[in-house]
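Chains as they are written, first to last, in this note's numbering: chain A, 1 to 304; chain B, 1 to 304; chain C, 1 to 304; chain D, 1 to 304.
Number of protein chains: 4
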Amino acid sequence: MDYQGVIEEVYQEVQQENQRGKVATYIPELASVNPDQFGIALVDLQGRVYGVGDYQLPFSIQSISKVLTLTMVFPKFDPQLWSRVNVEPSGNPFNSIAQLEYEKGIPRNPFINAGALVITDALCSKFDNPTQQISEFINEIAGKNCVAINPAVKSSEQNHAERNTALAYFLKSYKNFDNPINQVLDVYFSHCAMEMSCVDLAKSFSFLANDGYSLFAQREILSESHARRINAIMLTCGFYDEAGEFAYRVGLPGKSGVGGGVAAVMPHKFSIAVWSPELNEKGNSVKSIRALELLTDKLSFSLF
Amino acid sequence: MDYQGVIEEVYQEVQQENQRGKVATYIPELASVNPDQFGIALVDLQGRVYGVGDYQLPFSIQSISKVLTLTMVFPKFDPQLWSRVNVEPSGNPFNSIAQLEYEKGIPRNPFINAGALVITDALCSKFDNPTQQISEFINEIAGKNCVAINPAVKSSEQNHAERNTALAYFLKSYKNFDNPINQVLDVYFSHCAMEMSCVDLAKSFSFLANDGYSLFAQREILSESHARRINAIMLTCGFYDEAGEFAYRVGLPGKSGVGGGVAAVMPHKFSIAVWSPELNEKGNSVKSIRALELLTDKLSFSLF
Amino acid sequence: MDYQGVIEEVYQEVQQENQRGKVATYIPELASVNPDQFGIALVDLQGRVYGVGDYQLPFSIQSISKVLTLTMVFPKFDPQLWSRVNVEPSGNPFNSIAQLEYEKGIPRNPFINAGALVITDALCSKFDNPTQQISEFINEIAGKNCVAINPAVKSSEQNHAERNTALAYFLKSYKNFDNPINQVLDVYFSHCAMEMSCVDLAKSFSFLANDGYSLFAQREILSESHARRINAIMLTCGFYDEAGEFAYRVGLPGKSGVGGGVAAVMPHKFSIAVWSPELNEKGNSVKSIRALELLTDKLSFSLF
Amino acid sequence: MDYQGVIEEVYQEVQQENQRGKVATYIPELASVNPDQFGIALVDLQGRVYGVGDYQLPFSIQSISKVLTLTMVFPKFDPQLWSRVNVEPSGNPFNSIAQLEYEKGIPRNPFINAGALVITDALCSKFDNPTQQISEFINEIAGKNCVAINPAVKSSEQNHAERNTALAYFLKSYKNFDNPINQVLDVYFSHCAMEMSCVDLAKSFSFLANDGYSLFAQREILSESHARRINAIMLTCGFYDEAGEFAYRVGLPGKSGVGGGVAAVMPHKFSIAVWSPELNEKGNSVKSIRALELLTDKLSFSLF
């Protein structure tokens, strides 16, 4: 398969269409990013890397990190974890607190903010030095030291933390939060403030395309069954309130972040990361999603 | 009018019917209260006091204090206050956070928890020593030093503060909170932990039956217009999600607390406080509401 | 009391302020009404009439009729009626179906559409010829033949009936609807399409200011207790999702309609009807509410 | 692949576990079904049939029919169809009307009741004799005359039609309904009342495992792209408010019905139908889901 040719074709078409959105503005570091940046990196199951555009530039991975913290926590808590967080699509904005009230403190899934806070809380219960260990874990599965926490981003997130803090206290009121809120939020903002390039991100997701085995870490990261399940959750819940649309148009398990990145996998074929900062009104990158749609059309690859 | 005779009659009938509910259990101090206590105190516009049963025993006034903090804040902020909090009944439980999300951080009224937190926040902006000044204010309008903050209750409230803390952070995320959250919560829990007897509570509400003038403080506490408006808010919002039922059955402006107390006024006639710890499933005192219903029937007094 | 002088003063001030809103547009008959019409009629407990402006012109009373159908039904069903409909403010738009789902088919109060449909259904169970009997009843309490059903309005309502039909079927799915849906809707649209002038409307509400006795029918329409309770429901639920605001600003029990009318009572003093077609965004007449606010200020009359 | 051996193994294990639920009771025809019936039929892409248990007995397919009506409508309306109905999971019960109000008359997806009514309405716009043509279509893709409409089931559905009628009127109030409501409901209840066996159902879903081409009809039923998209919608929305759980545990696109049936596909491998009448509290067949979970474990087949 000529992956390099295909992603270059996709890159050209997306640039020509030039669909626009709006860069995230809730913190200045994201608001000031160059909106024209665009990169694609694809990694196949032999570990070969294909890239185009700004695929080597680090960007703020934001919520994409939630897949990797879930990966760290999942084998340590399964199946008890699923009494603390569900695996259902939310049908609501990612930071909604109303649904959490209706469902009595059990977040709908691990990728909405409330669910990701529960995952980070669980992580803090099992790791002594969680922020550092998240970085180490991602470096391991990406095959090199590539993770940097942007201190300005982290600090800005902390200065806009009221809503996440409210979610954490609300979870605690339902006894679904074990560790000190400040500590968990610090870890949470740290992993959301991580920066990686498309190529490193695609490598770090490679094990999810490979039944749980990482070529780069050279070990099984998750059992085959656990890897599949994370893919299932990405497919049904990975794109906020647009998961159905992404499954419909693209048909790959994936996860987006407000930095404009999307990481996705075609099981038994490849992992891929795309990045372009401008977002649609649901908070997903316009060009990244369009690129993945064109790619699956061209490759005639989708889950379905 | 033979108020003493009427309240004694009411007292006897309520005791005979002996309708039961459940004492509040979210903090041990309320859970362990003697559920059989029951008292009524009525104060007319000449300042005469009528009492029956446990009307001189102090109890935890809880949310009833919200009327008095609103009274302190109202003249200092009117009308700007009403851009921060509405005056509509909520149609939801008192501590709901969902509605606050749907209405973008503007609480439905000053008596649900979110609204009362906004009022306490506003109070902290205008008073240097808010907790002490609330006590002093209530002592003044009750005509004697009668307010004590129960330290065990306050401490318990603080140990169960997650939900109120979540509300405060959520308000702050909508920029509807000005002061440090810990400081405001400390004041909030202080006034909720105040203890007063029925007789002192009835005296402290007397100005609301008297167009804003307090016989006990011997001064105008609120303008006639402001006093009326607080009565209007009590009528439409004073009993959580049971305000309509109370208006229908009793027809007086009033405010309940989870300690089992209810303070109410018949404008231009009297103020009244009733206390019995057992609550119905909406969180209002079973016997206190029944007593007020019988009283208005017997007196043929209601707003309507 | 110089009621005539006061309402003329109010009329002048409201006309000078000239606050504007938007005429209801969901049916052409309401959309094409002259928006500048404005009238006030007040009837005291001696039956004296005071009027100013367009107070003798008939207009579409719309939801104001719901108070009168409730009056017909109330004594025939009390207290069983209150297992079919509550008396709580809704906190939602008047035609919301969502709340009806959350509360399992029991409408929040008799004045939102779902609740009024239950009342009309109950009415159809007790009256053989309901539409005609509603007209006769209103004519009786207004003291003259004054009610006309506008056939064009009724027909337009029926052509825009989908939402009310949905509410009726939804109520039926909860077994809270006894009669054929088409029949009940026909009666419902008939009473909403009735036209009356301010003066006749004020007369027809007079019994609610008079402990249930109608000077014009010369008989007790409701017991004192029932009359009070309808006033209580009007106060807490009479203005859609603006009931608290009306209680706060005006402090009288009342009911509005999308035709721009408001009928209200000051118990033991007077009944009043005001009409001006332009509505605020909550569906209540801008000038009518302003007029009532000024009136209660000038008279220093309010419930509170 | 020894499909026959695997499904027999699965059958035995599920019978031994013997997890129980509750048969649907909203109509007598479903309530009186023998709860112990259980069958599995699998059809591979060579058209070979494998079966075990009651796989040849007809049962009420109910909502499974919604996939097939969507199939008939999809190519005739794409992409305009998607302005009338979304493809997002609902996060709510299948017959909820509240969400339809919040989303202004656009159902969340074609498989909740409101969405399926829109699809049936669209079908009525394009087919002259819709009920008969649905039967003919299913017979064609199943390769034989196998569809029977159970008149008692249809009649019972019509006698419990209030909620669906409410949904239809509500859709019409948002102008998202073109044909007469009674006509569309008649077609809707007809296809929900169809009876088929597991084997015929598995055959009729075969084209969805085969990029749109039906071995039994010997023609392309849908384009590859359309077939994939229906699979995507089944995966994200096929199991009411349990779609995420099914994706997580089973990982196949599928659709359940309250008759206890589930039809699913493993793209490029097989289609499968399972039937057992007892449902969990979300309305999905307990044994059918468990069978599919065991099957994908044993086959190591899932999308992911």
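Note that beta-carbon positions come from the ideal geometry of N, C-alpha and C, so glycine has one too.
(Q) With the cut-off set at 7 Å, would you say Ala122/C and Ile149/C are in Cβ contact? (A) Taking the third sequence and counting its residues from 1, the one referred to as residue 122/C is at position 122. Taking the third sequence and counting its residues from 1, the one referred to as residue 149/C is at position 149. Cβ atoms of Ala122/C and Ile149/C: not closer than 7 Å.
Q: Would you grab the beta carbon distance between Ala309/C and Leu185/C for me? Rounded to a whole angstrom, and I think it's under 8 Å.
A: Since the displayed chain C opens at 1 and closes at 304, residue 309/C lies outside it and no answer follows.
Q) Does the pairing of the segment 273 to 284 of chain A with the segment 238 to 258 of chain A give three or more beta-carbon distances under 8 Å? A) yes
Q. Name the chain B residues whose beta carbon is nearer than 9 Å to that of Tyr213/C?
A. Taking the first residue of the third sequence as 1, we reach residue 213/C at position 213. Residues of chain B passing the Cβ test: none, with the nearest at roughly 14 Å.
**Q.** Under 7 Å by beta carbon: chain C residues contacting Lys172/D
**A.** Residue 172/D sits at position 172 when you count from the first residue of the fourth sequence. The answer, in chain order, is Glu162.
(Q) Using only the alpha-carbon positions, how far apart do Ser285/A and Lys104/C sit? (A) Residue 285/A sits at position 285 when you count from the first residue of the first sequence. Residue 104/C sits at position 104 when you count from the first residue of the third sequence. Going by the C-alpha atoms only, they are around 40 Å apart.
Q: Mind checking which residues open and close the beta strand (DSSP E) that includes Leu42/B?
A: Numbered from 1 along the second sequence, position 42 holds the residue referred to as residue 42/B. Unbroken beta strand (DSSP E) run through Leu42/B: 39 to 44.
Q.
If I measure Cβ to Cβ from Ser65/D and keep anything under 7 Å in the same chain, skipping five residues before and after, which residues do I get?
A. Walking along the fourth sequence from the start, residue 65/D turns up at place 65. Excluding sequence neighbours, Ser65/D sits near His191, Cys192, Met194.
Q: List the residues of chain A that Ala166/B touches, going by C-beta distances under 7 Å, in chain order.
A: For the purposes of this step, residue 166/B is taken as the residue at position 166 of the second sequence. Near Ala166/B (Cβ distances below 7 Å), the residues of chain A are Ala166, Tyr169, Phe170, Ser173.
**Q.** Cross-chain neighbours of Ser305/B in chain C, by beta carbon under 9 Å
**A.** Past the edges of chain B, shown from 1 to 304, lies residue 305/B, and the structure says nothing about it.
Q: Could you please give the first and the last residue of the uninterrupted alpha helix (DSSP H) stretch that includes Phe239/A?
A: The residue given as residue 239/A occupies position 239 in the first sequence. No alpha helix (DSSP H) holds Phe239/A; DSSP gives it neither H nor E.
(Q) If I follow the unbroken beta strand (DSSP E) through Ser13/D, where does it start and stop? (A) Numbered from 1 along the fourth sequence, position 13 holds the residue referred to as residue 13/D. The amino acid occupying residue 13/D in the given sequence is Glu; Ser does not appear at that position. Note, Glu13/D: premise wrong, no beta strand (DSSP E); alpha helix (DSSP H) at 3 to 17.
Q | Segment contact flag, the segment 163 to 182 of chain C with the segment 208 to 228 of chain C, C-beta cutoff 8 Å, min 3 pairs | A | no
Q: Note the first and the last residue of the continuous beta strand (DSSP E) segment covering Glu195/D.
A: Counting from one through the fourth sequence, the residue named residue 195/D turns up at place 195. Glu195/D -> beta strand (DSSP E) spans 194 to 196.
Q | Residue-level contact to chain B via CB, Ile27/A, 7 Å cutoff | A | Residue mapping note: residue 27/A aligns to position 27 of the first sequence, counting from 1. So, not an interface residue.
Q) Which whole-angstrom value is the C-beta distance of Phe304/A and Arg228/D, which I expect to be below 8 Å? A) Here residue 304/A is taken as the residue at index 304 of the first sequence, counted from 1. Here residue 228/D is taken as the residue at index 228 of the fourth sequence, counted from 1. The Cβ separation is near 4 Å, so the contact holds.
Q. Tell me which same chain residues have a C-beta within less than 7 Å of the C-beta of Phe77/D, skipping the five on either side of it?
A. Counted from its first residue, the fourth sequence places residue 77/D at position 77. Correct list, in chain order: Ala122.
**Q.** Of the residues Ile138/A, Pro151/A, Lys175/A, Gly261/A, the one placed nearest Phe207/A, counting alpha carbons only
**A.** In the first sequence, residue 207/A corresponds to position 207, counting from 1. The option with the nearest alpha carbon to Phe207/A is Ile138/A.
Q | Beta-carbon proximity of Lys287/B to Phe38/B, cut-off 7 Å | A | For the purposes of this step, residue 287/B is taken as the residue at position 287 of the second sequence. For the purposes of this step, residue 38/B is taken as the residue at position 38 of the second sequence. Contact: yes.
Q. For the putative contact between Ser135/A and Val147/A, defined by C-beta atoms under 8 Å, what is the C-beta separation to the nearest angstrom?
A. Position 135 of the first sequence, counted from the first residue, corresponds to residue 135/A. Position 147 of the first sequence, counted from the first residue, corresponds to residue 147/A. Contact holds; Cβ gap of about 5 Å.
Q | Val85/A versus Thr131/A: straight-line alpha-carbon distance, rounded | A | Here residue 85/A is taken as the residue at index 85 of the first sequence, counted from 1. Here residue 131/A is taken as the residue at index 131 of the first sequence, counted from 1. Cα-Cα distance, rounded: 22 Å.
Q.
Just checking Gln19/B against the ligand HEM - is the residue's beta carbon closer than 6 Å to any of the ligand's heavy atoms?
A. Among the components modelled here there is no ligand, and therefore nothing to report on the ligand HEM.
Q | Ala98/B at chain A interface by Cβ criterion, 7 Å | A | Residue 98/B sits at position 98 when you count from the first residue of the second sequence. So, interface residue.
(Q) Please tell me whether Glu245/A has its Cβ less than 7 Å away from any Cβ of chain D. (A) In the first sequence, counting from the first residue as 1, residue 245/A sits at position 245. Yes, its Cβ sits closer than 7 Å to a Cβ of chain D.
(Q) For a minimum of 3 consecutive residues, which ranges assigned as the beta strand (DSSP E) are wholly contained in the segment 260 to 289 of chain B? (A) 261 to 266, 270 to 275
Q: From the DSSP output, in three-state form, read off Tyr102/B for me.
A: The sequence position of residue 102/B within the second sequence is 102, counting from 1. Looking at Tyr102/B - three-state DSSP - the assignment turns out to be helix.
Q: For Glu101/A, go through chain B and note every residue whose CB falls closer than 7 Å to its CB, in chain order.
A: In the first sequence, counting from the first residue as 1, residue 101/A sits at position 101. Within chain B, the residues near Glu101/A are Ser96, Ile97, Ala98.
**Q.** One or two residues paired with Ser256/C in a DSSP bridge
**A.** The residue given as residue 256/C occupies position 256 in the third sequence. Paired residue(s): Val262/C.
Q | Short Cβ contact (7 Å threshold) for Ser197/A with Leu57/A | A | Here the question's residue 197/A lines up with position 197 in the first sequence. Here the question's residue 57/A lines up with position 57 in the first sequence. Their beta carbons are under 7 Å apart, which means Ser197/A touches Leu57/A by this criterion.
(Q) Suppose the cutoff is 7 Å on Cβ atoms and the five residues either side in sequence are ignored; what does the same chain contact list for Glu88/C look like? (A) Along the third sequence, read from residue 1 onward, the residue named residue 88/C stands at position 88. These residues qualify, in order along the chain: Arg108, Asn109.
Q) Which of helix, strand or coil does DSSP assign to Glu245/B? A) Locating residue 245/B in the second sequence gives position 245, where the first residue counts as 1. Glu245/B falls in the helix class under three-state DSSP.
Q) Beta carbon of Ser60/D, beta carbon of Gly259/D: below 7 Å? A) Working through the fourth sequence from its first residue, we reach residue 60/D at position 60. Working through the fourth sequence from its first residue, we reach residue 259/D at position 259. Closer than 7 Å, so yes.
Q: Could you check the C-alpha separation between Val274/B and Asn113/B for me, to the nearest Å?
A: Walking along the second sequence from the start, residue 274/B turns up at place 274. Walking along the second sequence from the start, residue 113/B turns up at place 113. Looking at the two C-alpha atoms, the distance is approximately 22 Å.
**Q.** In DSSP terms, what Tyr213/D is bridged to
**A.** Mapped onto the fourth sequence, residue 213/D falls at position 213. Its beta-bridge partners are Glu220/D.
Q | Val120/A classed as buried or exposed, judged by whether at least 16 other C-beta atoms fall within 10 angstroms | A | Taking the first sequence and counting its residues from 1, one reaches residue 120/A at position 120. Note that residue 120/A is Thr in the sequence shown here, rather than Val. The residue is buried, with at least 16 neighbouring Cβ atoms inside 10 Å.
Q.
The alpha helix (DSSP H) that contains Val147/D, what's its start and end?
A. Within the fourth sequence, the letter at position 147 stands for residue 147/D. No alpha helix (DSSP H) contains Val147/D, which DSSP labels as neither H nor E.
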